[in-house]
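Only one structure is covered here, and it is reproduced in the block below.
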Amino acid sequence: MTKYFHKPSRHFNRLENLLCIFHFYNLSFNTNFKYNVTGGLHPISYFIVDPKKYFGFVKSLKNKNIFFLDQIISNDGAFLKTWKEIKKLLKNNRGRRPKWYDFLKDNIVLNPSTNRLQFMTQSDNMSPDLGFPQPKIIKCNNHSVPCKNQWAAFWSPRVSCIVYGKILEKSHFPGDSPKVYLEHHIPFKDMSNP
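For the sequence shown, full-length UniProt numbering begins at 1 and goes up steadily by one.
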């Protein structure tokens, strides 16, 4: 998009300025969108610590686009998904159950029949496609600023942990206190099922 500008705009950020300047020097970027990673907090390489099989595990995981433990555990962060559940999410789901899955099951699962993990992960792996409705923002006037990719964190005494939220919009009206509208997920711990 920046190649259509004859010179960098004063409204550009540094990256956009660089991209515009690169065009003048006939430089370009080639991107590889082969990997569509959903993201996570816990790189799976931290958990596959067998030095003899590590690179084989990594190659298999890479072929299946699995880079984070969060991609193969339950949303509450307490259970490893069954191979059948994981297989449904994969684009490349042919073949038998991989050895890295058996390794994880032997080393990080407390109870093999329930796939309960030996540890609890942060349940920050909530994804926006879970069907939660987004809050409706009432626009009062043009002092509201929509936000992209900005986040905030706050301590919630109700759940005794930090809650992270994606900022949807900020507003600061003259003579009023600033307001921030954000979307967040609060982890729910079911006490009936420990």
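C-beta atoms are modelled at their ideal positions from N, C-alpha and C, and glycine is treated no differently.
No experiment lies behind these values; they were computed from the predicted model shown.
Asked	Found
Tell me whether tryptophan 100 is buried or exposed, calling it buried when 16 or more other Cβ atoms sit within 10 Å of its Cβ.	buried
Cβ atoms of tryptophan 83 and arginine 97: under 7 angstroms apart, would you say?	yes
From methionine 126 to serine 9, what distance separates their C-alpha atoms?	With a pLDDT of 48 at methionine 126, under the threshold of 50, the modelled position of that residue is not reliable, and the figure given next carries that caveat. Cα to Cα, the separation comes out at about 38 angstroms.
Expressed to the nearest angstrom, what Euclidean distance is found between the alpha-carbon atoms of phenylalanine 24 and lysine 148?	29 angstroms
What is the C-beta distance between isoleucine 44 and isoleucine 66, in whole angstroms, given that I count them as a contact (C-beta under 8 angstroms)?	6 angstroms
Please report how far the alpha carbon of leucine 90 lies from the alpha carbon of aspartate 70, in whole angstroms.	14 angstroms
Run the CB neighbour count on leucine 15, radius 10 Å, all protein chains shown included, and call it buried at 16 or more, exposed below.	exposed
Taking C-alpha atoms, which residue in Asn115, Met120, Phe119 and Val159 lies nearest to glutamate 85?	Asn115
If you measure between the beta carbons of asparagine 111 and asparagine 92, is that distance less than 7 angstroms?	no
What is the DSSP secondary structure of arginine 94, reduced to helix, strand or coil?	coil
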